[in-house]
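Here the structure comes first, spelled out in structure tokens, and everything after it is commentary.
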Amino acid sequence: MARPPVVARTLPALRRALGDLRRRNASVALVPTMGALHDGHLSLVRLAKRRATKVVVSVFVNPTQFAPHEDFGSYPRTWKADASKLAAEGVDLIWNPDVKTMYPEGFATRIEVDGPAVAGLEDRFRPHFFGGVATVVGKLFLQVRPDVAIFGSKDFQQLRVVTRMAGDLDTGVKVIGAPTIRERDGLAMSSRNVYLTPEERQVAPTLYRAMKETAKQLRAGKSADASLSVGAKMITAAGFSLDYFEARHADTLAPIHSLKAGPIRLLVAAKLGKTRLIDNVAV
Ligand code: AMP
Numbered sequence: 001m002a003r004p005p006v007v008a009r010t011l012p013a014l015r016r017a018l019g020d021l022r023r024r025n026a027s028v029a030l031v032p033t034m035g036a037l038h039d040g041h042l043s044l045v046r047l048a049k050r051r052a053t054k055v056v057v058s059v060f061v062n063p064t065q066f067a068p069h070e071d072f073g074s075y076p077r078t079w080k081a082d083a084s085k086l087a088a089e090g091v092d093l094i095w096n097p098d099v100k101t102m103y104p105e106g107f108a109t110r111i112e113v114d115g116p117a118v119a120g121l122e123d124r125f126r127p128h129f130f131g132g133v134a135t136v137v138g139k140l141f142l143q144v145r146p147d148v149a150i151f152g153s154k155d156f157q158q159l160r161v162v163t164r165m166a167g168d169l170d171t172g173v174k175v176i177g178a179p180t181i182r183e184r185d186g187l188a189m190s191s192r193n194v195y196l197t198p199e200e201r202q203v204a205p206t207l208y209r210a211m212k213e214t215a216k217q218l219r220a221g222k223s224a225d226a227s228l229s230v231g232a233k234m235i236t237a238a239g240f241s242l243d244y245f246e247a248r249h250a251d252t253l254a255p256i257h258s259l260k261a262g263p264i265r266l267l268v269a270a271k272l273g274k275t276r277l278i279d280n281v282a283v
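Just so you know, we're using the UniProt record's numbering here: the sequence shown kicks off at 1 and counts up by one.
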């Protein structure tokens, strides 16, 4: 059995632990998370292990990416289970700072993101979100200085934002996207799925089914508008309230109307009761 991961909670402890990890010129992969770990997160850890010799996982519920009315207070925190899952995966170091360590009194800096961060998808409904994500990821990159960082395609716009930021700021960090891990019935794994009532949990996979149906129609040559409206009807008929369901260019996130114009990604966000779910698929 591998050694249990070192847990760092302060910057000096993190620096010490990273110094030890890097001693034999090891390459380092970072997997940023907010904890409440599921198999989706663990798939990122497994990919990280293939891409670097040492793996650092950060567990930090980042307050700056939540609006005041959102679920920062109630976001699931499952430290003990998280730590044992990461130990079982053979992670080398867990970076688990508290809010004061990340944002000390007087903290006054924020990374402002443009391009994919203002594509009119998540940013329309969570205007504060990508600035908070970029700021915390920027800090994590500076603190850990990883060679590579792994992010899930589950948060597709976020993956594009972080990739752009890592390049624009010359961080030297290679951002690698990982596929979405799903439950057997198609629901994308998410820490927020625990908010669903048993009845909502039954209905939730409709989101994936509707995206697959829309993708099928697009591939058959139907227009984007017509294909999306079939999917949107399935989603709302199941009881979701739709924030957006759109076809975008997979690289630029620009609106796209047919497969001839480039690779299409379907992206959806919808609320089921109090729970907001997001998902996406390639066409
Ligand atoms: P979170 O803890 O929700 O901030 O997610 C941490 C990382 O895990 C992000 O890069 C997410 O995109 C990724 N992730 C979340 N859910 C999944 C999933 N079902 N499959 C793959 N990656 C995921």
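Yeah, the Cβ is synthetic: ideal placement off N, Cα and C, and Gly gets one too.
Locate the alpha helix (DSSP H) running through VAL113, then write down its first and last residues. Careful: VAL113 lies outside any alpha helix (DSSP H) and carries neither H nor E.
Residues bridged to ARG184 [DSSP beta-bridge criterion]: Bridge partners of ARG184: none, in fact.
Going by DSSP, which residues form a beta bridge with LYS54? VAL28
Can you tell me whether DSSP reads SER153 as helix, strand or coil? coil
Cβ of ARG192 within 8 Å of Cβ of TYR208? no
Since I believe ILE176 is in contact with VAL144 (beta carbons under 8 Å), could you give me their beta-carbon distance rounded to a whole number of angstroms? At roughly 15 Å, the Cβ-Cβ gap does not stay under 8 Å, so VAL144 and ILE176 are not in contact.
To the nearest angstrom, report how far apart MET189 and LEU37 are at their CA atoms. 10 Å
heavy atom of ligand 1 below 7 Å from ASP155 C-beta: yes
Classify ASP279 as buried or exposed, calling it buried when 16 or more other Cβ atoms lie within 10 Å of its own Cβ. buried
Counting Cβ pairs, one atom from each stretch, are 3 or more of them under 8 Å apart for the segment 115-125 and the segment 61-80? no
Could you check whether the Cβ of PHE151 sits closer than 7 Å to any heavy atom belonging to ligand 3? Ligands in the displayed structure: ligand 1; ligand 3 is not one of them.
For a minimum of 4 consecutive residues, which ranges assigned as the alpha helix (DSSP H) are wholly contained in the segment 70-110? 79-88, 99-102
If we ignore side chains and look at the alpha-carbon of each, how far apart do ARG22 and ALA215 end up? 45 Å
Top-ranked residue by Cα proximity to ALA178, from SER153, GLU112, GLY115: SER153
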